[in-house]
Structures are given as structure tokens and as C-alpha cells.
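What follows is a short report on a single structure.
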């Protein structure tokens, strides 16, 4: 009996990303008392590392959950039913945050922009200008929209908010964006920032982190949405004694501990550059292959790229063939884009040469599927992006 | 420079428990696509294993969270604000479930019984008899109360409920109890059962599982409590295609996969017996040492034992000395019992000989702390419990 399956796996989805063996080894650790001094020290260092990644002096708390739990935490700790909040909505995760808010009775304004584009700060300014009575209490936005491969200019959007609405909350979903591009929580005056372990931290899923500014803590005091598991003041009370409210996923905390050590050694600028280079390789390579990309260069994500396959080639067929023949795992389209696009994740522990190889596999596959592709053109274009 | 710290750790807290190396190794696995066929197969086998442990044909869904998240899931998916629900409250986790329910506006009846005792089925029957208009919609109870080391007779309590209130929901927190003692979800007609990975499954924390009977699904349809992350119908929709709604903690799923394989091989009866033996060893040993135990033998937990130290010996001092001198990590008292008791966890991957050794360390320590303890008496009594 023969086994033709690919020898190796290339995980090219926008999270979880591949995990460095140093992190896997750190996670392969016996359990310890989660209310004892050893764990407290590790947790404190993880939180310190998160603050470094967030570029903040604000409190950062961790919750045992996936990124969506962090998004829910941001809503229930700052708002009350009937509160008006504006959602910069550039994709599926924008839709999701609105859905969460509406679930709790928040009066959500959906500032939906065309899929594949970022929110123009002027569009946000115009929307805010309509709010002459200053009823809007919070503005929510994605740093990076995973479903479309688009990055927002959070700095510019936040500046626009502060200009007309100096005291409203700015809440940023940075789950897939954090560490792939600059995000200065304090300099840009961001109140709540959400992240997850399974993205550029290169750690398996299991933890979300949520920061709270002074403004956010003030909002907490008047927020009446029901909360228990997500109650961030309770989480803060435990964080202050080096613990978490409920039993923490210790393995993930051990992994995060190693991850922040590795990432600090690399340095923020190098991490951002690495992701920017990944993006250039993927985009140049795919254009060389003749693919249309969903996002314009100007707002393209350093974490994930959304791709229309060549005419006549089925996006889901691309994914299954890439998986079965080459071991390359690609992400599908989400929402309205399901079946129309596929996505390449290039954040976290993904190397530039793996991306070049993936472009090569794609041009070979497209050619065999009958698309007018010149084999080698995409890989050449990709290679030329490597400094 | 010399280092006098203990060579090894003995984790004797009621979760997380120590992790077998087979499970740690299984967890030390690269990430794979969480919406791909390989992960789907693993997840399906984990859910199958959970159903085996639950002794149920009901749906079982997994959530990325700690046990408290599972408790919140049980509430928000079955009730509406103003609904009347009865809480069998035998300890701290009873208090917690009431707090969660009240957060969401549930009219919670607190059937509080003395700490250290189980709920007498007659007491529950009397409380239910007061509800002549049949307004109570749900009865919540702990299988095992981690804070006091008491196990409820869930079978008898459920039978009492069904007698007077045949159609109300019965919701059981089996987080620390599942697999330590028999729990027949279907035979006993339990509607919602909550468990966690970090207890008798011997897997690190990170996942809670929640079962839903047909009666519970019917209650879901009329439940109006706000839910997004905890929405169990959404989770079911994804489970039906071999996925989870949000990104799953893959490492924990890999660990659970190995755990259910190991546990099935051992068999339910053997697992229950192992925990029953652990309990006997600990209780006989501690009585030999002259300690008073919080729970009576008749309702004593196979998962955890709560202990009053000998007169004049400080409970927190016992914990720090056991940690610093012997590497034995014990759990503190919770709530009103903080500082008065300490607890020994003996569930999951804890061996009988480790328990005997822990008794030995305790009698040595107590003796050195001035208590009238005859060294060797406790260990002898403990050893005599081993078949």
C-alpha cells in the first residue's frame, strides 16, 4: 500500500500560525499551582510582554478564550443597553462585532465600507459629523480585517475620532493585526485593544488579551451590560495578585512566556519589517501569476492576503488541491466571499521561503488547471522582493 | 551557592491535575487547519469521548474557556430574565452559579446547605414542594463541590426533581466531579452537564464541555438571555460540520484526544474505583494524623478533601511549608473557609503512593510544628487502604 500524501504541512492560514519548536517545548511543561508564586511570576512577565507589544502603560488582562471572547469583553465592560456606538466595518469581523453589540442591545451604527478597502478617515469624519448631539459613546474598528486582508490606518482613524469626539472610547480589534504592523496604543490614545495568542505571537489558540485605558475604566463604572466571565474588573483584581479569575490555560501562558522573550529579542521594528516583507513577496508573486487581489496595495494587510483565482479556476478546488498535493493549507473566503476567494496567511511563524514555495505550487497548479500561467514568473517576482 | 528547593513537585490541587507525558507529548504537535478534515476527525473523536464520559447520547459541545465559562453557557442558553430557578448550593461554586444567574436577571432561589454537607434529597423535595404553582424552570446543582470536598447524590436529587417537577431542567456542574464518580446523564435524565479539561481528564485547562438534552434545546428556543460567544446553537451548527465556532485551543483538543483514548482503555468502573481508593487513602491517613475533615464520610468527595489542620497549626503555614520543604502544592480554603482549611486534590493523574507520601510529609510537618502527632500512624492507616 502506498501513501501519496504530502510529506510536510505548510500552514498558511491567518491563525493559528505554525509554532516554533522553542514555544512547543516551553508548553510541554507539567502543570503548576495557578495560585502559587511560580505561576504568578510567569503571568506577570507575560502581561509585561503584552504591554510591550501593545506599546502601552494601560492595564492588560488575559482571558481563557478565543479572540471573539476578547471582542465580547470589550463590549460588555464599556457600554450599556441603548448606548450608541459606531462600528467601522470593513469585513466579516466588523460584522461580528456589530452582532455582538446588538446582542446586548447596543444601538450600533454600521459604517460599512466596500469589502477589500479600508475605511477612509474622511468617511469616518463625515459619519461622526452627523452626530451633532454627541450621542456616540464609542467607536469600534479592526486594525486588520482577517476576512479581506485589509489593514486600517488606525492612527489616522483614531485622530479623526479625537478631533470631533475627544472623549469617546476607541476600541480596536487587533487580534490578527498586533505585531504585524505598528500599533501605538498610548500615542494613538486607544482605549481598548484586543489580541489573541494564536496570531503573530506564534502560540496556539487559547488566550485573548484586552487592554483598558483610564477612559475605559471610567466607562466600566457606568456600564450596565451583564457580565460575569468577561468582567474585566474582577479579572484585574486577580491580575493584581498575579492570578486570573478562573483557571488559566497554563500551557498557553507558558507558550506566551517564551514567545514574548523571543519577540522582544527580535524587536518590534524587525517584526513589523518581517511581516511587511512577507506581504510584498505574496503580492508580487501572485500578481506575477496573474491573480487579482482583493485589497489594493495601499491598504493591504501584512498578515493575510485575499486572492481571486484565475478565471475559470474554482477557489475551493485550489484549496483542496493545494492541501492534497502539496500539504499547503490555505484559508477560504468568509461570508459573501465564500467560494470566490482564497486567502494566504503570512503572519507569525511563516518564513519568506515558504511563501515563495507556495507561490510556486500555486503557479504549477493553476497551469495544470488550464489557466494561462507562465510557470516561474510568479516565483521570480516573489524572490525579487527579498532583500 | 546552594539550592535547597525540593527536587520534585507533587501537584495536589483539585485541578489542574498533573498531566501524563503521553498527553503532554500529544499536545506538543504542530498547529493544523482548524477548519480542515484532519482536525474535524480529531474533534469528532473528542466529542465522542466526552459522550462516553458523560454516559449520554445528548449533544455535547466544547467551548474555549475555563469551567466557569461552561457554567455561564448553561445559564444563558436555557433561561430568560425573570425566570425562577432553584440552586442547590453546597459551597463556593454553588454561590458562583447563583451569582452568574443573578447577573443575567434570573430569579435565583438559593437552597444553601451547611458547608461540608451534601444536599439531603428530602430538603430539596421540601423546597420544591413550596413551588405549588410550578414556577421553577430549572434546578442547578454541583456534582462535586470543589471548595468543600463534598459530593452530591445527583441521582437521588434528580429523582426528587423529576417526581414533583417532571419537566424542569436539571443542570449539573460536573467540572470537578466527572469521571471521579458515576454520572449517568441519560439514565438520571440530566439536561445540561458541564465539565472541564483540567480535572479527571488529566489535560491542561482550556476547554469546557456542555451537554444539551432535547428538553434543554427546547428551553433554548424560548430563552432570551443575551448570548454570542456562549451561544450553544451556533456552536452546535459548527460541531455538526466538525468545527468550533471560534478558533479552538488545538493543543488542548489534541490532549483531550489522547486522554479519552487512555481513559476508555482504563474503563469507567476502574476510573471510579481509582478515585474512590484515593479518597479512602487520604481520609484514613488524615484521620490517623488526627485531623478533622470538613466533609462527613457519607458525602465525601472522591476528587478533593478539605482538612482542618491540628489545633494551633495555621492552614496557610501548612501550605507554604509543604510547598517549600517538600514540593507538595496544596489548595487553600475558599470563601469563608479561607485560612481555616487546606485541601488535597486527588483526582486525575495523581497516584495512590503520592498520596501516602503526602500524608507522611504532613505528619512530619505537624509534629515539627508542635502538634501531638504520632509519626507513622497516618501513613500506616493510609497504606492499609490500598487493595
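Residue numbers (UniProt numbering), protein chains in the order written: chain U, 1 to 387; chain G, 1 to 387.
Don't be surprised by glycine CBs; every beta carbon is placed ideally from N, CA and C.
Terminal residues of the alpha helix (DSSP H) in which residue i lies
i	result
residue 41/U	37-54
residue 345/G	Per DSSP, residue 345/G belongs to no alpha helix (DSSP H); it is in the beta strand (DSSP E), 342-345.
residue 264/U	250-266
residue 92/G	92-103
residue 84/G	Careful: residue 84/G lies outside any alpha helix (DSSP H), inside the beta strand (DSSP E) at 84-89.
residue 202/G	No alpha helix (DSSP H) contains residue 202/G, which DSSP labels as neither H nor E.
residue 375/G	Premise fails: residue 375/G is in no alpha helix (DSSP H) and is neither H nor E.
residue 19/G	Per DSSP, residue 19/G belongs to no alpha helix (DSSP H) and is neither H nor E.
Short Cβ contact (9 Å threshold) for residue i with residue j
i	j	result
residue 93/U	residue 207/U	no
residue 285/G	residue 180/G	no
residue 371/G	residue 312/G	yes
residue 18/G	residue 11/G	yes
residue 87/U	residue 118/U	no
residue 346/U	residue 278/U	yes
residue 127/G	residue 111/G	yes
residue 77/G	residue 187/G	no
residue 91/U	residue 196/U	no
residue 328/G	residue 9/G	yes
residue 169/G	residue 129/G	no
residue 274/U	residue 297/U	no
residue 260/G	residue 46/G	yes
residue 223/U	residue 24/U	no
residue 356/U	residue 386/U	yes
residue 238/G	residue 310/G	no
residue 148/U	residue 383/U	no
Continuous beta strand (DSSP E) stretch holding residue i: start and end
i	result
residue 436/G	Examination of residue 436/G is not possible in this model, given that chain G is present from 1 through 387 alone.
residue 196/U	192-196
residue 110/G	107-112
residue 329/G	328-332
residue 368/U	No beta strand (DSSP E) holds residue 368/U; the alpha helix (DSSP H) holding it covers 352-368.
residue 132/G	Looking at the DSSP string, residue 132/G is not in any beta strand (DSSP E), and its letter there is neither H nor E.
residue 308/U	304-308
residue 171/G	169-173
residue 209/G	207-212
residue 60/G	59-64
Cβ neighbours of residue i in the same chain (closer than 6 Å, five flanking residues each side left out)
i	result
residue 343/U	304, 306, 331
residue 326/G	6, 361
residue 243/G	35
Neighbourhood of residue i by C-beta distance below 7 Å, restricted to the same chain and skipping five residues each side
i	result
residue 156/U	121
residue 319/U	330, 332, 342
residue 211/G	54, 56, 58, 59, 60, 185, 192, 193
residue 299/U	117, 118, 150, 151
residue 233/G	220
residue 14/U	146, 176, 303, 304, 331, 343, 345, 347
residue 388/G	In the structure as shown, chain G starts at 1 and stops at 387, and residue 388/G therefore has no counterpart that could be examined.
residue 321/U	365
Neighbourhood of residue i by C-beta, 8 Å cutoff - its chain only, sequence neighbours within 5 removed
i	result
residue 83/G	106, 107, 137, 138
residue 125/U	160, 163, 164
residue 44/U	242
residue 236/G	59, 61, 212
residue 308/U	291, 292, 293, 294, 315, 340, 341
residue 42/U	253, 254, 257
Residue i beta carbon near the ligand ATP (any heavy atom closer than 8 Å)
i	result
residue 34/G	Although the ligand ATP was asked about, the structure shown includes no ligands whatsoever.
Q) Of all the residues that make up the stretch 9-22 of chain U, which are near chain G by a beta-carbon distance shorter than 8 Å? A) Within the stretch 9-22 of chain U, the residues whose Cβ lies closer than 8 Å to some Cβ of chain G are 9, 11, 13, 15, 16, 17, 18, 19, listed in chain order.
Q | the stretch 23-40 of chain G contacting the stretch 136-148 of chain G, beta-carbon criterion three pairs below 8 Å | A | no
Q. Relative to chain U, which residues along the stretch 286-318 of chain G have a C-beta separation below 9 Å, given in chain order?
A. none
(Q) Between the stretch 72-82 of chain G and the stretch 48-59 of chain G, can you find at least three pairs of beta-carbon atoms closer than 8 Å? (A) no
Q) Can you list, in chain order, the residues of the stretch 117-132 of chain U whose Cβ is nearer than 8 Å to any Cβ on chain G? A) none
Q: Name, going along the chain, the residues of the stretch 31-42 of chain U whose beta-carbon falls closer than 8 Å to a beta-carbon of chain G.
A: 31, 32, 33, 34, 35, 36
Q. Touch check for the stretch 162-182 of chain U and the stretch 317-332 of chain U: three-plus C-beta pairs under 8 Å?
A. no
Q: Report yes or no: do the stretch 161-178 of chain G and the stretch 196-214 of chain G share at least 3 C-beta pairs separated by less than 8 Å?
A: yes
Q. Touch check for the stretch 24-31 of chain U and the stretch 237-257 of chain U: three-plus C-beta pairs under 8 Å?
A. yes
Q. For the stretch 210-225 of chain U, which residues have a CB atom closer than 7 Å to at least one CB atom of chain G, in sequence order?
A. none
Q. Going along the chain, which residues of the stretch 321-334 of chain U sit with their C-beta nearer than 9 Å to a C-beta in chain G?
A. Hits within the stretch, in order: 323, 329, 330, 331, 332.
Q.
If the cut-off is 8 Å on Cβ atoms, which residues from the stretch 338-352 of chain G count as contacting chain U, listed in chain order?
A. none
Q | Residues of the stretch 52-66 of chain G whose Cβ lies closer than 7 Å to any Cβ of chain U, in chain order | A | 64, 65, 66
Q: Could you list the residues in the stretch 237-248 of chain U with a C-beta less than 9 Å from some C-beta on chain G, going in chain order?
A: 244, 245, 246, 247, 248
Q. Given a limit of 7 Å on CB to CB distance, which residues of the stretch 185-198 of chain G reach chain U?
A. 198
Q: Could you list the residues in the stretch 71-99 of chain U with a C-beta less than 7 Å from some C-beta on chain G, going in chain order?
A: 72, 99
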